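Taking it in order: structure first as structure tokens, then the write-up.
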Amino acid sequence: MKLFSIIILFVFSSINAFATETTGVISTIQPINSLVSAVIGNTGKTISIIPAEQSPHDFKLKPSDVKVLQNGNIIFYVSNHLESSVTKVFKNLPKNIKLINLMKESGINHLAIRDNAAWERHDHHGDDHDDHDKHGKKHDDHDDHDKHGKKHDDHDDHDKHGKKHDDHDDHDKHGKKHDDHDDHEKEDDVHIWLSPDNAIKIVQKVNKVLSLYFPENSQIYNDNTTKFIDKIRNLKMELIKELSPIKNKPYIVFHDAYQYFEKTFELNAVGSIALEGDIASSPKQISFIKDKIIKSKASCVFQEPQFDSKLVKIVLEGTNAKTGTLDPHGVNITGNKDFYLQLLKNMAKSLKECLG
141 MKLFSIIILF VFSSINAFAT ETTGVISTIQ PINSLVSAVI GNTGKTISII PAEQSPHDFK
201 LKPSDVKVLQ NGNIIFYVSN HLESSVTKVF KNLPKNIKLI NLMKESGINH LAIRDNAAWE
261 RHDHHGDDHD DHDKHGKKHD DHDDHDKHGK KHDDHDDHDK HGKKHDDHDD HDKHGKKHDD
321 HDDHEKEDDV HIWLSPDNAI KIVQKVNKVL SLYFPENSQI YNDNTTKFID KIRNLKMELI
381 KELSPIKNKP YIVFHDAYQY FEKTFELNAV GSIALEGDIA SSPKQISFIK DKIIKSKASC
441 VFQEPQFDSK LVKIVLEGTN AKTGTLDPHG VNITGNKDFY LQLLKNMAKS LKECLG
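Start counting the sequence shown at 141; every next residue gets the next number (this note's numbering).
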């Protein structure tokens, strides 16, 4: 038995010893970077461009950031809309860099942006975005993009397309062919990583892309992917139980970033102070939300570490609501190991502490 254990240990040590170093893998935001890192494991290190304490909505690229992007091999990002300051430089990057727009990937669940500062529960617990009748033809076949035919099939598989796409779906040469995609992204909630099911799809996508680029490591990536997906699924079931006692309690968030999390765990957010993180709230909107807090008997208003809490204090005046903190980017999480899992745990903990 001891000899068998030694042999197994030797085999796994040998696999890692002969692994190719995973280099030049970049993610725009920390939550995505953590998912990528889970797949890469010990074969290399990943780079995240936007610090967790900064909102990607208003992040400004520095020359040093551009240099990092220029030296990359693969860049994973959420959408042209979320990280616009980063994606606008993609057209000037070397053509051999693979750009992976996760919002466009098949299997990612999309939810439409809620179009006012207050929402009723049924607005975000219905069918998936692609099936919404109200979006009609605007979003038909959004995930598969059939209307674009073979020209845009599988962005990550561009190797088989040769120079036709140069691994850049966002380059200017595609012109209007991508305008519709960008319009869809503006209509969709971009915070896709806050759905555990979406996170699983992202991890699977990362595994596929990395295995094509570093085939020598494919077995390691596959093993890491399987293990991490199991962790996500187990945590999802744990949090469903933990959050069940508070799922009917109304609350207000700073901006509409959490509906993927809300839908997964059947939570009852009833409004947001700001429609989007980079849009200032008007006096009318603030008044509207204050009225919503009172009428819905919302017991908590959540601020975010990426934004000034001044608006939260204004909204709380004259109400009995408490204040809490929800962080969609993981400001206080150190290290990359299981970062994503801790992000979800922290959000669940904040909700329980303020609403419990």
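Glycine included, C-beta positions come from ideal geometry on N, C-alpha and C. As the structure is a computational prediction, the values presented were derived from the model and not from experiment.
- The stretch 325–335 makes contact with the stretch 217–230; the number of CB pairs closer than 8 Å reaches 3 or more.
- In this structure, residue 432 lies near residue 410, with their beta-carbon atoms less than 9 Å apart.
- By the Cβ criterion, the stretch 474–485 is not in contact with the stretch 428–444, since fewer than three pairs of Cβ atoms, one from each stretch, lie closer than 8 Å.
- By the neighbour-count criterion, in which 16 or more other beta carbons inside 10 Å mark a residue as buried, residue 245 falls on the buried side.
- Distance check between residue 234 and each of 392, 200, 476, 208 places 208 closest, using alpha-carbon atoms only.
- In its chain, beyond the 5 residues on either side, 160, 162 have a beta carbon closer than 7 Å to the beta carbon of residue 354.
- Scanning 206, 195, 178, 387 for the CA closest to the CA of residue 232 turns up 206.
- A direct Cα-Cα distance of roughly 9 Å separates residue 386 from residue 408.
- The Cβ atoms of residue 406 and residue 379 do not sit closer than 9 Å to each other.
- Take the alpha-carbon of residue 414 and the one of residue 212: they are about 35 Å apart.
- Residue 423: member of the alpha helix (DSSP H) spanning 423–436, first to last residue.
- If you ignore the 5 residues before and after residue 388, its C-beta comes within less than 8 Å of the C-beta of 408, all in its own chain and listed in chain order.
- Secondary structure at residue 177: helix, using DSSP grouped into helix, strand and coil.
- Residue ranges of uninterrupted alpha helix (DSSP H) with 4 or more members, entirely inside the stretch 320–384 and ordered along the chain, are 336–353, 358–383.
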